[in-house]
Amino acid sequence: MTAMGIYWHRRYAVAGRSEEHRVTQESTNARNPNTLLTPRTMAMGLSVFVVLIAGAWLVAGWNYLLFHMLVELTAVLAASAIALVAWSTRKTAPNGFLAVLGAGMAPLAFVLLLHAVAYKGMNVLVPPLMPGDANPTTQLWVVGRYILAAVLVTAPFFTGRRANVMVGFLITCVPVGLLVMSIIVWRIFPTCYIDGSGLTAFKIWSEYAIVAVLAFAAVMLWQRRERIGRRMADLTLLAIGFFIAASLLFTLYVDTTGLLNVLGHLAQLSGFVLVMAGIFVSAVSRPIETVYAELVANDARLTRANRALSMLNECRRVITDVDTTEHLFEAVCRVAVERGDYALVLIGKACSDAAQTVTVVGASGKALGYADNLDIVWSDTERGRGPAGTAIRTGKPVVCRDTMNDPRFRPWASSATEFGLMSLAALPVFAGGQCFGIIHLYSDEVNRFDDEEVTLVAQLAVSIGNAIDAIRLRSDRDELLSETERQRADLEHEVAARTAELTQVIADLEEASQVKDQFMRTMSHELRTPLNSIIGFSDLMLSGLTGPLNDEQTKQLSMVQSSGRHLLSLVSQILDLARIEAQAIEVQLSEFDVRDLVNTVVGSSRVLAEERGLTLTAELPHDAVIITSDAAKLHQILLNLVGNAVKFTDEGSVEIRVGADDLSVVTLAVTDTGSGISSGEILRIMDQFYQAPRPDGDRPDGVGLGLAIASRLAELLGGRIDVSSQPGVGSTFTVVVMRGLA
């Protein structure tokens, strides 16, 4: 069989099944005793209609006012019934045609009622509420015709969409209200009828314009009669014919109670009755057929959805067992064909080559020969604007419901028809945050893919993308574990080598520590002992116990004594620093008053300050400041700070301030009026053997260990020393210590 033969054979097979279903449904409706539009009921309806028109004609010959009132009230009731039916069926109506009709008929009923009671001779709306002539009721008639024409020309445009009855009613009420106000209140609406003269040109041309609008509405209705429903459309078209006849008749009369006026009202009455009959057919009879058709269609959709859901669940189960992308693609395509009843399923990868080709990486189905020679690209070219290329570029599903007649599929239509592929869905697959490619599902049926099935298959595309990411992550994880294992082995070897080195270093350090300890003991014995002897003999000689000394001898001996004491202080500082760094110094805790400690420091340092012409003071709290710490070490810290302040202050004062406001710490600030320290020097001021230069360029006394020792001792006591300074103004060294040191 040729490709074209296969195509038409499948199309006629599907069409035959649809026609068979339609005939079966119609025959079922014909046999159904609940079917409302039987020949008998139609004959009864026609009889009632004829009797109604004949009765109205007889009443018109007897009493025109009564005739007019009955006809208009019947039209009002018909319009109101249409509005009520539209409101009642707003949730079940198949389209928005009925909703728009109902939304417009409610305001129209109000205008027709005003027209009826305002009619000349009714004596209901009398002056000064309304003029006593026939013009207002004719104006209201024209407004009603405007509303009727607008509703009938608008409703066909909503046959394919939903419409909200309440929103339509509110929108219609605004212009209707303005038109009625222009007649009754403002009285600016153009004159339509003059007693004794007849109709005005405005009235006549308004009727002609209404006829034109109604004719256009009839054309729109005819084009959409299948979507609206033939019965309702035909009855509404017949009603529009009567409305057009009424408008033409109402352009000819002069007497408001004449024959032409009577015929016009009968034509309008016929139109409203026919519209109401059409609404009755659509809202009551047709829904029974529609519901049955929808049940059949829903059953078919449910079958397809269940099939797609079963396929999706099985694919997800299989996906969890695969370990490579090749196995993933093969398994997904196979299960999709078996469970989804597809003729062909293939997965294509979007390549980044110059031609932007799509490479088939997995396929399954009875039409595998089609996939073998498939040429797809995703570039913005003719072959790239097909379903697959479009899905990759846009990242959205693309459905081709008829491969022979879809222009996007033209390059592959002949080959697809040869293999019996009549429709397809192309869905993008995303992995790693970008489009990996597509999954193509082909069917041997036209119009196979509905929205529900596409939605479910789209979830399959998401699952495939997630599986690709998971496989890539597992592969990366395995590579990472392998690399980690290799690095672990290398690290173990390196750690073993470094451990041996560290063991040797530790042994060397222990030996060096022993040498250092021996050196310290030697320093303490070999230096302290002679120095103490020199200082002691110097004191003895200077005291005159060994005999009188002349001035030169006293001067030289004093220099020996001073140098000895300086050297002894230097040795003591070096030994103290060494013990601190070797953690060979112990903290002796005791409870004491910081004020007493400060007074002791001031007393022992005042002579040194006075020798340089400085004032040494202390600012202490009135209440006791009790802390638990090492008093001796805190005393040494303050002595070092005060000594440093005196050394770098040429004139002015040195002050010690105790701060006890904080419940957890106590601060002891030593402030001087010396030369100050630059910001760059502050960073190094606590380093060992570093001394900040004096402004005059002289080298300061000492070797730069006092502040280093004070800083280490403060840390040993769980505190710190903060420094703030301003060159030319002075410096402040603040010791922060804990109130209670555990």
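With this note's numbering applied, the sequence shown corresponds to residues 141 to 882, in that order.
Each residue gets a CB set at the ideal place from its N, CA and C atoms; glycine is no exception.
**Study point:** Spatially closest choice to Gly-134 from Thr-872, Thr-229 and Gly-858, by CA coordinates
**Key:** In the structure displayed, the chain extends from 141 to 882; residue 134 sits before or after that span and is not available.
**Study point:** CA-to-CA distance, Leu-389 to Asn-401, given in whole angstroms
**Key:** One C-alpha to the other measures close to 7 Å.
Check your understanding: Is the stretch 756-764 in contact with the stretch 774-794, if contact means three or more CB pairs nearer than 8 Å?
Key -> The stretch 756-764 is in contact with the stretch 774-794.
Review point. Taking Ala-200 as the reference, which of Leu-292, Leu-254, Gly-398 and Ile-311 has the closest Cα?
Key: Comparing alpha carbon positions, the residue from Leu-292, Leu-254, Gly-398 and Ile-311 closest to Ala-200 is Gly-398.
Check your understanding: What number of angstroms, rounded off, separates the C-alpha of Thr-391 from the C-alpha of Val-586?
Key -> Straight-line spacing of the CA atoms in Thr-391 and Val-586 works out to 55 Å.
Point to revise | Status (buried if at least 16 other CB within 10 Å, exposed otherwise) for Asp-770 | key: So Asp-770 ends up on the buried side.
**Study point:** Cβ shell of Leu-649 (< 7 Å), same chain only, five flanking positions each side left out
**Key:** Around Leu-649: no qualifying Cβ.
**Study point:** Nearest-angstrom Cα separation, counted from Leu-682 out to Pro-688
**Key:** Take the alpha-carbon of Pro-688 and the one of Leu-682: they are about 9 Å apart.
Review point. Going by beta carbon distance, what residues of the same chain come within less than 7 Å of Cys-540, once the five residues before and after it are set aside?
Key: Correct list, in chain order: Pro-527, Asp-546, Arg-548, Phe-549, Ser-563 and Leu-564.
Review point. Mapping DSSP to helix, strand and coil, what is Ser-864?
Key: Strand, per DSSP.
Check your understanding: How would you call Asn-172, buried or exposed, if buried means at least 16 neighbouring beta carbons within 10 angstroms?
Key -> Low confidence applies here, because Asn-172 scores a pLDDT of 42, under 50, leaving its location unreliable; read the following figure in that light. With fewer than 16 other Cβ atoms from the protein chains shown falling within 10 Å of its own Cβ, Asn-172 counts as exposed.
**Study point:** Minimum C-alpha distance to Asn-594 - residue among Gly-605, Asp-616, Leu-224 and Pro-568
**Key:** First, the residue type needs correcting, since residue 594 is Val and not Asn in the sequence shown. The shortest C-alpha separation from Val-594 is found at Pro-568.
Check your understanding: Can you tell which of Asn-606, Ala-258 and Asp-374 has its C-alpha closest to the C-alpha of Val-320?
Key -> Measuring from the Cα of Val-320, the nearest candidate turns out to be Ala-258.
Check your understanding: Do three or more CB pairs link the stretch 371-379 to the stretch 313-333 at distances below 8 Å?
Key -> Contact fails: fewer than three Cβ-Cβ distances are below 8 Å.
Review point. What whole-angstrom Cβ distance do Pro-276 and Ile-323 have, given they're in contact under 8 Å?
Key: Indeed, because the Cβ distance is near 6 Å, the residues count as touching under 8 Å.
**Study point:** Outcome for Met-699 when other beta-carbon atoms lying within 10 angstroms are tallied against a minimum of 16
**Key:** Classification of Met-699: exposed, given that the 10 Å Cβ count is below 16.
Check your understanding: Who are Gly-560's beta bridge partners in DSSP?
Key -> Gly-560 pairs with nothing; no bridge assigned.
Check your understanding: Thinking just about the alpha-carbon of each residue, which of Tyr-510, Val-501, Ala-494 and Ala-511 is nearest to the one in Thr-521?
Key -> Out of Tyr-510, Val-501, Ala-494 and Ala-511, the CA that lies nearest to the CA of Thr-521 is found in Ala-494.
Check your understanding: In this structure, does DSSP put Asp-630 in helix, strand or coil?
Key -> Three-state DSSP puts Asp-630 in a helix.
Review point. Which of the three DSSP states, helix, strand or coil, is assigned to Leu-514?
Key: Three-state DSSP puts Leu-514 in coil, outside helix and strand.
Review point. Taking the alpha carbon of Arg-852 as the point to measure from, which residue in Val-875, Lys-260, Ser-871 and Phe-298 has its own alpha carbon closest?
Key: Nearest option by C-alpha distance: Val-875.
Review point. DSSP puts Phe-582 in a beta bridge; with which residues?
Key: Per the sequence shown, the amino acid found at residue 582 is Tyr instead of Phe. Residue pairing for Tyr-582: DSSP places it in a beta bridge opposite Leu-484 and Leu-564.
Practice item. Could you check how far apart the C-beta atoms of Val-216 and Ala-249 are, in whole angstroms? I think they sit under 8 Å. Key: Ala-249 and Val-216 do touch by the CB rule: their CB atoms are close to 5 Å apart, below 8 Å.
Check your understanding: Which value, in whole angstroms, describes the spacing of the CA atoms of Glu-750 and Glu-855?
Key -> Looking at the backbone, the Cα of Glu-750 and that of Glu-855 are separated by about 31 Å.
Check your understanding: Helix, strand or coil for Ile-817 per DSSP?
Key -> Three-state DSSP puts Ile-817 in coil, outside helix and strand.
Review point. Under the three-state reduction of DSSP, which class applies to Arg-614: helix, strand or coil?
Key: Taken through DSSP and simplified to helix, strand or coil, Arg-614 comes out as helix.
**Study point:** Separation of Val-211 from Val-415, as counted between CA atoms
**Key:** Answer to the nearest angstrom: the Cα atoms are 15 Å apart.
Check your understanding: How many Å lie between Pro-670 and Asp-679 at the Cα?
Key -> The straight-line gap from Cα to Cα measures roughly 14 Å.
**Study point:** Per DSSP, the bridge partner or partners of Met-878
**Key:** DSSP lists Val-805 as the beta-bridge partner residues of Met-878.
Review point. Hey, out of Ser-554, Leu-697 and Asn-304, whose CA is closest to Lys-231's CA?
Key: The option with the nearest alpha carbon to Lys-231 is Asn-304.
Point to revise | Segment contact flag, the stretch 814-828 with the stretch 780-791, C-beta cutoff 8 Å, min 3 pairs | key: Enough Cβ pairs lie closer than 8 Å, so yes.
Point to revise | Inter-residue spacing [alpha-carbon to alpha-carbon] between Asp-463 and Val-501 | key: Spanning the two alpha carbons is a distance of roughly 16 Å.
Check your understanding: Are Ala-417 and Gly-404 close, meaning C-beta to C-beta below 8 Å?
Key -> Not closer than 8 Å, so no.
Review point. To which residues does DSSP link Ile-766 through a beta bridge?
Key: Its beta-bridge partners are Asp-733.
Review point. Ordered along the chain, which non-local residues of its own chain (more than five positions away) have a Cβ less than 6 Å from that of Lys-695?
Key: Cβ neighbours of Lys-695 beyond the five flanking positions: none.
Practice item. Using beta-carbon positions only, say whether Val-353 and Gly-308 come within less than 8 Å of one another. Key: No, these two residues do not count as a Cβ contact at 8 Å.
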